[in-house]
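All remarks here apply to the structure that follows.
Residue numbers (our numbering), protein chains in the order written: chain Y, 1 to 153; chain L, 1001 to 1153; chain G, 2001 to 2153.
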């Protein structure tokens, strides 16, 4: 099945590419490796959830925010390689979870991203990753995700 | 000397590969580069030290935790390439140190990782790195380390 | 125009290479990719600004600190490749901004780095990036930056 059909089947769709709100580009390619800039969890400039997981944001809301951040990563990736069918493997996921001082299930929040990637890409979607708790993220988003992806030539 | 003999000589041993407690894999290879998922400092599921450096965890305990995190990275690496003698060079180390607000010797804690890598691998173990203080890490671990390693074909 | 002439024209100069204050090297090369260790914003060991953005450090001071951190990255890069004219493209910038809990304009601070790279390198200086807020950084610096750069053979 084509990747975008799979995404549709999951009841989701690739959002518009988030506009960088600063002086950078959404992705940079070196050979067949694509580095995707840190993406937040706002979709299509609709105001989305803000705050720290463990405070105003629940674990489940954080899990969903991680999903949205991955969808934004995929929007960027698609704009770079035109078709998501060219993904060879997801290499690495780094997830920053804005966390209250006492919250330490960042890995459960980041599963929102990991589960979705594997649902969409199967074996190709498997990835190494790192989940980190931080005290503040740009614009008050609860989750920011950066991805490294290997693509077909 | 073989790498594992060297590790033995240092009075250490490669632990079991930590089981990811979430939906990801311990390492992903692209060409000859291996990306290792963020590893904590618990060894063999024995409960290990928890908390923030500068609070309940001392600098020395943090230094040792960084050592354990590297041993976990090496466990992952070995399971990926079978023999640690295939390491060509350690490329990059990123160390997240769960820190009290007033603690700012993250670089001294991360030396636990750097010193051990150089003790084990010598010139090949030299690496670029980044030490970062954060307010929270998965499961309350004081140190999380991710590594990029170049290996022989 | 040569890169260093451009830097001079901007009223700046490449500082001395910061000495790692721990057991690591300033950069590691794999093929044509250079990984630069996290650089702080102190220049030439002159004491520089310390503290959190949103607390004792203003957004504008943070912006300037990000500029200094990039200059330190370029010092490292130059020592590695001898001439900055060999830069093919800046690939990735990761900026850790030591932030008060309520500060969430990390992206504006990191623009100090991004703007300077584009002023210096033009198209080649465009990069993907990630801006992250953290509660503590080594030696109390407000900004730490790591860079990945592709260089000519």
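Beta carbons are placed, not taken as given, at the ideal position from N, Cα and C, and that holds for glycine.
Only a predicted model underlies this, so the values are computations on that prediction, with no experimental measurement involved.
Coarse secondary structure for residue 1134 of chain L, derived from DSSP in three states: By 1-based counting over the second chain, the position of residue 1134 of chain L is 134. Correct three-state label for residue 1134 of chain L: strand.
Comparing the C-beta of residue 2021 of chain G with each C-beta of chain L, is any distance below 8 Å? The count along the third chain starts at 1 and reaches residue 2021 of chain G at position 21. Using beta-carbon distances, residue 2021 of chain G counts as an interface residue toward chain L, with a partner under 8 Å.
In whole angstroms, what is the alpha-carbon distance linking residue 2154 of chain G and residue 128 of chain Y? Here chain G comprises residues numbered 2001 to 2153, so residue 2154 of chain G is not present and cannot be evaluated.
Considering only residues of the region 2073-2150 of chain G, which uninterrupted alpha helix (DSSP H) runs meet the minimum length of 4 residues and lie entirely inside it, listed in chain order? Within the region 2073-2150 of chain G, the complete alpha helix (DSSP H) runs of at least 4 residues are 2106-2121.
Inter-residue Cα distance where the pair is residue 2153 of chain G and residue 2089 of chain G: Indexing the third chain from 1 puts residue 2153 of chain G at position 153. Indexing the third chain from 1 puts residue 2089 of chain G at position 89. Rounded to whole angstroms, residue 2153 of chain G to residue 2089 of chain G spans 12 Å at the Cα level.
Classify residue 2122 of chain G: buried if its beta carbon has 16 or more other beta carbons within 10 angstroms, exposed otherwise. Position 122 of the third chain holds residue 2122 of chain G. Within a 10 Å sphere around the beta-carbon of residue 2122 of chain G sit fewer than 16 other beta-carbons, which makes this residue exposed.
Closest to residue 2119 of chain G by C-alpha separation, out of G:2070, G:2137, G:2104, G:2151, would be which residue? Position 119 of the third chain, counted from the start, is the residue given in the question as residue 2119 of chain G. The residue with the shortest Cα to Cα distance from residue 2119 of chain G is G:2070.
Assuming the contact rule is C-beta atoms closer than 8 Å, residue 1105 of chain L and residue 114 of chain Y should be a hit. Round their C-beta distance to whole Å, please. The residue you call residue 1105 of chain L lines up with position 105 of the second chain. The residue you call residue 114 of chain Y lines up with position 114 of the first chain. Contact between residue 1105 of chain L and residue 114 of chain Y does not hold, since the beta-carbon distance rounds to 33 Å and is not under 8 Å.
Residue 135 of chain Y at chain G interface by Cβ criterion, 8 Å: Translated into the one-based positions of the first chain, residue 135 of chain Y becomes position 135. So, interface residue.
C-beta contact flag for residue 83 of chain Y and residue 54 of chain Y at 8 Å: The residue you call residue 83 of chain Y lines up with position 83 of the first chain. The residue you call residue 54 of chain Y lines up with position 54 of the first chain. No, these two residues do not count as a Cβ contact at 8 Å.
Can you pull the chain Y neighbours of residue 1140 of chain L, defined as C-beta to C-beta under 7 Å? In the second chain, residue 1140 of chain L corresponds to position 140, counting from 1. Within 7 Å Cβ-Cβ: 104.
Under 8 Å, Cβ to Cβ, is there at least one residue of chain G near residue 95 of chain Y? For this step, residue 95 of chain Y is matched to residue 95 along the first chain. Not closer than 8 Å to any Cβ of chain G, the Cβ of residue 95 of chain Y fails to qualify, so no.
Taking just the CA atoms, how far does residue 2001 of chain G sit from residue 2124 of chain G? In the third chain, counting from the first residue as 1, residue 2124 of chain G sits at position 124. In the third chain, counting from the first residue as 1, residue 2001 of chain G sits at position 1. Those two C-alpha atoms are separated by around 13 Å.
On a CA-only basis, which of L:1073, L:1101, L:1092 is nearest residue 2037 of chain G? Give me that one, please. By one-based count along the third chain, residue 2037 of chain G stands at place 37. Looking at L:1073, L:1101, L:1092, the one whose alpha-carbon comes closest to that of residue 2037 of chain G is L:1092.
Which residues in chain L sit within 7 Å of residue 126 of chain Y, going by Cβ to Cβ distance? Position 126 of the first chain, counting from 1, holds the residue named residue 126 of chain Y. 1025, listed in chain order.
Which whole-angstrom value describes the C-beta separation of residue 2140 of chain G and residue 2050 of chain G, a residue pair presumed to lie in contact below a C-beta threshold of 8 Å? Residue numbering aside, residue 2140 of chain G sits at position 140 when the third chain is read from its first letter. Residue numbering aside, residue 2050 of chain G sits at position 50 when the third chain is read from its first letter. Indeed, because the Cβ distance is near 4 Å, the residues count as touching under 8 Å.
In the DSSP output, what is residue 30 of chain Y paired with across the bridge? Taking the first residue of the first chain as position 1, residue 30 of chain Y is located at position 30. Y:33.
Interface residues of the region 54-70 of chain Y facing chain L [CB-CB below 9 Å]: For the region 54-70 of chain Y, which is checked against every Cβ of chain L, the residues closer than 9 Å are 54.
Just tell me which of Y:111, Y:151, Y:28 has its CA closest to the CA of residue 130 of chain Y. Walking along the first chain from the start, residue 130 of chain Y turns up at place 130. Here the closest residue by C-alpha is Y:111.
Any chain G beta carbon closer than 8 Å to residue 1115 of chain L: Taking the second chain and counting its residues from 1, the one referred to as residue 1115 of chain L is at position 115. Interface with chain G (8 Å Cβ-Cβ cutoff): residue 1115 of chain L is included.
On the DSSP letters alone, give me the boundaries of the alpha helix (DSSP H) that residue 2004 of chain G sits inside. Here the question's residue 2004 of chain G lines up with position 4 in the third chain. Where residue 2004 of chain G is concerned, the enclosing alpha helix (DSSP H) starts and stops at 2003-2009.
Apart from the five residues on each side of it in sequence, which residues of its chain come closer than 7 Å, Cβ to Cβ, to residue 78 of chain Y? By 1-based counting over the first chain, the position of residue 78 of chain Y is 78. Hits under 7 Å: 14, 84.
Could you check whether residue 1026 of chain L and residue 953 of chain L sit closer than 8 Å to each other, using their CB atoms as the reference points? Shown here, chain L extends from 1001 to 1153; a query on residue 953 of chain L therefore has no answer.
State the beta-bridge partners of residue 1057 of chain L as determined by DSSP. Taking the second chain and counting its residues from 1, the one referred to as residue 1057 of chain L is at position 57. DSSP links residue 1057 of chain L through a beta bridge to L:1053.
Does DSSP classify residue 2062 of chain G as helix, strand or coil? For the purposes of this step, residue 2062 of chain G is taken as the residue at position 62 of the third chain. Under the three-state reduction of DSSP output, residue 2062 of chain G falls in the helix class.
Residue 2080 of chain G classed as buried or exposed, judged by whether at least 16 other C-beta atoms fall within 10 angstroms: Here residue 2080 of chain G refers to the residue found at position 80 when the third chain is read from its first residue. It counts as buried.
Residue environment, residue 1005 of chain L, which counts as buried when at least 16 other CB atoms sit within 10 Å: What you label residue 1005 of chain L is simply residue 5 of the second chain in a count that begins at 1. So residue 1005 of chain L ends up on the exposed side.
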